[in-house]
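Comments concern the structure below.
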């Protein structure tokens, strides 16, 4: 792998550049899952990745998060940026809800006692404080996703990555998680990068939309432009996607 | 058929009378196999978990070798340990040959691949599913493997029982390195082999029944313990966990 993740951005800008990807490729066997991805993300932006299944949204988020090695290119994070990710299907460890959150803090160097106190505060943010001593594995799908959200919030990230956070939930659980997400977004200036199939959610939460197809970025537009301006000529693939012809 | 029935009744009689010879052999067997399983269990789980999450040149060859060792004949293990512990061997200075320690060593070598290979498979499967999320929390390779072992801990109970079953039921290795010395290194399996060759079928059969009973009791104990732990965990509401019990 000749790719590398760096914490020093190579260029400066009047807006605070938090993340920069340059020519990122990722290859699984003979399949190129991401092709020459160039992307700048500025502090406080709320960026949605949209596209059909297999377009590379989740792969891109995992590369950005640093859990998936890429084949070539560079990922630069601004130094000191704390980032956290909520996965589509969060894995629950066989431990109590509070320990599950505290573990994330302890792994970042917070002493265990203090980690548990902070974990309880994070659980309060997602209304799970009453279940603090339950086994995390016994929670419902919606509660598990809220718990994953609490774990991410607990580390006070400057950048939050969400990989289709509500796609595997039933409608009731989806509403619960969305309510928490929207409440958090309204109160926080954290940078948000998320992937979603739910265009209503994208409209409500994102300030910028990136359309991916076959591992390439084919449109990168402000949300209002993406949804309300004609795209037939400028971005025909995104136009077909919005019409439901690329699913 | 009648001799088998007679032997079975005689075996029951020996067990009921609490024959001291019988129970000393049983106790020795348990001592050797419990120690061997404990040693191989700790080392095998650590090695298997490490192997599951690390990637290095030659890993494939090592995995193939490890899986091949699952079919390791116990007499071969006995022979190798014998050569190591014999007076001219590299470990000869220990003076362990024909002792219980030698038998523990031989059984540990025999069951280590079982624990390591099963652990590797279990942790690697778990890592494929959840490793990214643990990595996302900031867990490095070593810590990730430990967390996965902890998370899958009920599976390891089954792995350890499998290892214990392999240890207590083998005869070749302990025969070679222990020498089957009466009152010193004679265990259930070597005693069964000896008594059968002498024609003392009741004692051989009694030992066989006890061997089965020991393994059965241990399984019942472990399954009960696991059910209890799952109930305490509250994980019984998970259908997958229900299927385990």
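Residue numbers (the working numbering), protein chains in the order written: chain A, 1 to 247; chain B, 1 to 245. No residue lacks a Cβ here, since even glycine has one placed at the ideal position from N, Cα and C.
Exercise for review: Provide the residue(s) that pair with residue 26 of chain A in DSSP beta bridges, ordered along the chain.
Suggested key: Note: residue 26 of chain A sits in a beta bridge opposite A:34.
Practice item. Taking C-beta pairs closer than 8 Å, name the residues in chain B that residue 194 of chain A reaches, listed in chain order. Key: Correct list: empty, because the minimum Cβ distance to chain B is about 15 Å.
**Study point:** From A:192, A:122, A:47, residue whose alpha carbon lies closest to that of residue 155 of chain A
**Key:** Shortest Cα-Cα distance from residue 155 of chain A to any of A:192, A:122, A:47 involves A:122.
**Study point:** Boundaries of the alpha helix (DSSP H) in which residue 160 of chain A is found, first to last residue
**Key:** Going by DSSP, residue 160 of chain A is part of no alpha helix (DSSP H) but of the beta strand (DSSP E) stretching over 159-163.
**Study point:** Minimum Cβ-Cβ distance from residue 6 of chain B to chain A less than 7 Å
**Key:** No, residue 6 of chain B does not count as interfacial toward chain A.
Review point. Mind checking residue 159 of chain A: buried by the 16 CB within 10 Å criterion, or exposed?
Key: When all chains shown are included, residue 159 of chain A counts as buried.
Check your understanding: Buried or exposed: where does residue 111 of chain A fall if 16 or more other Cβ atoms within 10 Å of its Cβ makes it buried?
Key -> Residue 111 of chain A should be labelled exposed.
Point to revise | Inter-residue CB distance, residue 165 of chain B and residue 215 of chain B (contact presumed, cutoff 8 Å) | key: The Cβ separation is near 6 Å, so the contact holds.
Check your understanding: To the nearest angstrom, how far is it from the Cα of residue 143 of chain A to the Cα of residue 56 of chain B?
Key -> Rounded to whole angstroms, residue 143 of chain A to residue 56 of chain B spans 39 Å at the Cα level.
Point to revise | chain B contacts made by the segment 106-128 of chain A, where a contact means CB separation under 8 Å | key: The residues in question are 107, 108.
Practice item. Could you tell me the boundaries of the beta strand (DSSP E) in which residue 220 of chain A lies? Key: Element bounds for residue 220 of chain A: 216-222.
**Study point:** Where the segment 148-171 of chain B meets chain A: residues whose CB sits under 7 Å from a CB there
**Key:** Here the close residues are 151.
Review point. Ordered along the chain, which non-local residues of its own chain (more than five positions away) have a Cβ less than 8 Å from that of residue 66 of chain B?
Key: Taken in chain order, the residues that qualify are 51, 113, 116, 117, 120.
Check your understanding: For residue 60 of chain B, is the classification buried or exposed, using 16 other Cβ atoms within 10 angstroms of its Cβ as the cut-off for buried?
Key -> By the Cβ neighbour-count rule, residue 60 of chain B is exposed, with fewer than 16 other Cβ atoms within 10 Å of its own.
Practice item. For the segment 225-238 of chain A and the segment 169-176 of chain B, state whether three or more C-beta atom pairs, one from each stretch, are separated by less than 8 Å. Key: No, because fewer than three Cβ pairs between the segment 225-238 of chain A and the segment 169-176 of chain B fall closer than 8 Å, the two stretches do not touch.
Point to revise | Beta-carbon proximity of residue 191 of chain B to residue 37 of chain B, cut-off 7 Å | key: Contact flag unset, no.
Practice item. Examine chain B for any beta-carbon lying closer than 7 Å to the beta-carbon of residue 104 of chain A, and answer yes or no. Key: Under the 7 Å criterion on CB atoms, residue 104 of chain A is classed as interfacial with respect to chain B.
Exercise for review: Give the secondary structure of residue 201 of chain A by DSSP, where H, G and I count as helix, E and B as strand, and everything else as coil.
Suggested key: Of the three classes helix, strand and coil, the one that applies to residue 201 of chain A here is helix, per DSSP.
Point to revise | Delimiting residues of the alpha helix (DSSP H) encompassing residue 96 of chain A | key: Neither: residue 96 of chain A is in no alpha helix (DSSP H) and is coded neither H nor E.
Exercise for review: May I have the straight-line CA-CA distance separating residue 27 of chain A from residue 125 of chain A, to the nearest angstrom?
Suggested key: C-alpha separation (whole angstroms): 39 Å.
Exercise for review: Grab me the residues of residue 18 of chain B's own chain with a C-beta within less than 8 Å of its C-beta, minus the 5 sequence neighbours each way, in chain order.
Suggested key: The beta carbon of residue 18 of chain B sits closer than 8 Å to no other beta carbon from its chain once the five residues preceding and following it are set aside.
Check your understanding: Touch check for the segment 48-57 of chain A and the segment 68-83 of chain A: three-plus C-beta pairs under 8 Å?
Key -> Contact between the segment 48-57 of chain A and the segment 68-83 of chain A is absent, because fewer than three Cβ pairs lie under 8 Å.
Check your understanding: Mapping DSSP to helix, strand and coil, what is residue 72 of chain A?
Key -> If DSSP states are grouped into helix, strand and coil, residue 72 of chain A belongs with the strands.
Check your understanding: Residues of chain B with a CB under 9 Å from the CB of residue 149 of chain A: which are they?
Key -> Chain B residues near residue 149 of chain A: none, gap ~13 Å exceeds 9 Å.
Check your understanding: What does residue 90 of chain A reach in chain B if we use C-beta pairs closer than 9 Å?
Key -> Correct list: 133.
Check your understanding: residue 213 of chain B: buried (16+ other C-beta within 10 angstroms of its C-beta) or exposed?
Key -> Exposed: under 16 other Cβ atoms inside 10 Å.
Practice item. Could you say which of B:45, B:4, B:53 lies nearest to residue 139 of chain B if we only look at CA atoms? Key: Nearest option by C-alpha distance: B:53.
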